[in-house]
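Read in order, the letters of the sequence shown are residues 2 to 70 in this note's numbering. Glycine is no exception: its CB is placed at the ideal position from the N, C-alpha and C atoms. Shown next, in structure tokens, is the structure this report addresses.
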Amino acid sequence: MTILKFIFQSILWIITSSFKLCWSLLILFIDIVEGEDDDWSSTDYVNYDHRTGDLDPVERSDSLYDNQW
């Protein structure tokens, strides 16, 4: 009985390890194809609306937004 348990655990370990390897390779290939991400934002600041909690790239003049760097 312990031999069957060992065989089952070994097969399960091999299957999960192969899935993990396939997933890692898939992520690697996606990262290679996608290329480098830009680390900078297209805007210099983010306008945050305190009433709704939304971010808006458009600057409003009614003081609803605070400029955050």
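Exercise. In chain order, what residues of the same chain have a beta carbon less than 6 Å from the beta carbon of I4, not counting five sequence neighbours either side?
Worked result: none
Exercise. What's the C-alpha gap between F30 and S18?
Worked result: 18 Å
For this session: State the DSSP-derived secondary structure class of W70, mapped to helix, strand or coil.
Result: Low confidence applies here, because W70 scores a pLDDT of 48, under 50, leaving its location unreliable; read the following figure in that light. DSSP places W70 in coil when its eight states are reduced to three.
For this session: Output the boundary residues of the alpha helix (DSSP H) element that contains T3.
Result: T3 to E35
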